[in-house]
Amino acid sequence: MANVVLSNVSKSYGNLEVIEGLNLAIKDGSFTVFVGPSGCGKSTLLRMIAGLEPITKGTLEIDGKPMNEADPIERGVAMVFQNYALYPHMSVEQNIGFSLRMAGLSKEDIAARVAVAAQTLQIEPLLKRKPGQLSGGQRQRVAIGRAIVRDPEVFLFDEPLSNLDAELRVSMRVEIAKLHNTLGSTMIYVTHDQTEAMTLADKIVVMRAGKIEQAGTPEELYDNPDNLFVAGFIGSPRMNFLRGAFGGGRLRLETGAEWAGAVPDGAVLVGVRPEHFVEPGHGAADVSVKVDVVENLGGTRFVYGTLGSGESVVVEARERGGIRAGDQISFGIKPERAMLFSPSGTRLRNL
Ligand SMILES: Nc1ncnc2c1ncn2[C@@H]1O[C@H](COP(=O)(O)OP(=O)(O)O)[C@@H](O)[C@H]1O
Ligand SMILES: [Mg+2]
2 MANVVLSNVS
12 KSYGNLEVIE
22 GLNLAIKDGS
32 FTVFVGPSGC
42 GKSTLLRMIA
52 GLEPITKGTL
62 EIDGKPMNEA
72 DPIERGVAMV
82 FQNYALYPHM
92 SVEQNIGFSL
102 RMAGLSKEDI
112 AARVAVAAQT
122 LQIEPLLKRK
132 PGQLSGGQRQ
142 RVAIGRAIVR
152 DPEVFLFDEP
162 LSNLDAELRV
172 SMRVEIAKLH
182 NTLGSTMIYV
192 THDQTEAMTL
202 ADKIVVMRAG
212 KIEQAGTPEE
222 LYDNPDNLFV
232 AGFIGSPRMN
242 FLRGAFGGGR
252 LRLETGAEWA
262 GAVPDGAVLV
272 GVRPEHFVEP
282 GHGAADVSVK
292 VDVVENLGGT
302 RFVYGTLGSG
312 ESVVVEARER
322 GGIRAGDQIS
332 FGIKPERAML
342 FSPSGTRLRN
352 L
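Per our numbering, residue 2 is the first one in the sequence shown, and the count goes up by one each step.
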């Protein structure tokens with residue numbers, strides 16, 4: 002187990018700076034998820050921790066030791082990739098034990114470690130098979146097994162579930178969470194999927210264009226995003242942002258609802274999560290929605306509609322059955338559940 006500390010870490014490819022002066026302390030034994038849109042630098046950051054990519058500026062410490070110049074093998078890390086890259090001609094057993102054979106361990110030691118990994122991942126019946134005889138989920142388990150046998154201080158996962166179908170992604174997600182509970186190792190996990198980040202992480206690091214937008218627990222990011230980007234990125238379906246303006250002590254939505262408030266005068270975006278609309282008459286203001294589509298999920302339903310201002314909204318209407326496309330219905334907004342942002346994306350707090 003080990004702390005991982007990045008201080009002022011930058012990465013450039015030629016003139017292109019893809020990571021900019023990044024600072025982050027990852028706690029021993031934590032499950033940290035780097036999340037952000039494609040191209041924001043998640044893999045680059047992970048590969049710098051792994052030692053697969055040189056660090057242009059700044060320092061990396063693992064377990065208190067500087068690691069910028071250390072070989073990957075000396076860092077005590079093991080990485081699991083999106084494309085599992087198993088050796089097709091080797092059995093599962095040989096694939097899992099490969100790095101141990103390279104390291105010169107005895108046959109008995111290798112067999113013992115492979116057996117423990119196989120048991121942890123519940124793939125004992127598959128040990129004699131070749132990768133071609135496995136499903137995608139089973140292959141990814143084998144890839145994780147290769148990491149486990151090395152008994153690393155730090156596990157690094159780069160979008161390990163992205164090649165799996167939706168159902169398998171959910172079950173493997175649970176498996177990885179259990180694995181973290183069992184092993185207690187530091188795990189750093191990269192994904193572009195905010196649901197994976199929310200469900201797996203102790204700490205989420207939201208990245209955009211090579212910088213950290215916000216780092217915190219899933220609850221902190223959901224309840225208290227620092228800016229419009231994080232507010233829109235965390236949560237599914239995403240937060241609605243309604244145009245409005247503040248002046249004379251009142252906030253007016255473009256679609257025609259208003260309530261008292263106190264932020265600097267001028268244009269604002271009012272963020273309301275789909276699950277935070279209430280019954281009409283129960284908030285400070287009601288909005289009228291022309292229903293375009295109702296997505297019924299059984300346990301709950303999402304109403305996709307249009308406001309009088311022409312803005313699109315998504316509203317979760319768990320308790321309201323019988324809504325049809327074409328209906329005109331009202332929902333309430335509670336100011337304490339709405340978040341205010343400047344048009345440039347800064348979070349505005351009520352004064
Ligand atoms: N070898 C490379 N040479 C030049 N640019 C690269 C290289 N690898 C990655 N990049 C660029 O660095 C940025 C971050 O990439 P990456 O870390 O792969 O993003 P992510 O994993 O978040 O999708 C992207 O703009 C990408 O095009
Ligand atoms: Mg990537």
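Where a beta carbon is used, it is the ideal one built from N, C-alpha and C, also for glycine.
- Task: Find the nearest neighbour of R82 within the set V150, A119 and N164, judged by alpha-carbon distance.
- Result: In the sequence as presented, Arg is not what sits at residue 82; that position holds Phe. When each option's Cα is compared against that of F82, the closest is N164.
- Task: Can you tell me which of the three DSSP states F82 falls into?
- Result: coil
- Query: Regarding E160 and ligand 2, is the C-beta to nearest heavy atom distance less than 7 Å?
  - Reply: yes
- With G284 and G245 assumed to form a contact (beta carbons below 8 Å), what rounded beta-carbon distance in angstroms separates them? In fact, because the Cβ distance is near 14 Å, the residues do not count as touching under 8 Å.
- Item | I124 (DSSP reduced to helix, strand or coil) | coil
- Residues in its own chain within less than 7 Å of D353 by CB, not counting five upstream and five downstream? Within the shown structure, residues of the chain are numbered from 2 to 352, placing residue 353 beyond reach of any answer.
- Query: What are the boundary residues of the beta strand (DSSP E) that T60 is part of?
  - Reply: K58 to I63
- Query: In angstroms, rounded to a whole number, what distance separates the CA positions of G37 and E317?
  - Reply: 25 Å
- State yes or no: is the beta carbon of P55 nearer than 8 Å to at least one beta carbon in chain B? Absence of chain B from the displayed structure is noted, only one protein chain being present.
- Query: When burial is assigned at 16 or more other CB atoms within 10 Å of the CB, is N241 buried or exposed?
  - Reply: buried
- Message: Any heavy atom of ligand 1 inside 7 Å of the beta-carbon of V19?
- Response: yes
- Task: Could you work out which residue in Y223, D266 and G105 is closest to V273 when comparing CA atoms only?
- Result: Y223
- Pick from Y88, V10, I205 and F303 that is closest to A326, judged by C-alpha positions: F303
- Distance, L127 Cα to S136 Cα: Going from the Cα of S136 to the Cα of L127 covers about 11 Å.
- Item | Rounded straight-line distance, which links the Cα of E160 to that of P1 | Since the first residue shown for the chain is 2 and the last is 352, residue 1 is missing from the structure and cannot be characterised.
- Just the C-alpha distance for I50 and P153, rounded to the nearest angstrom, thanks. 13 Å
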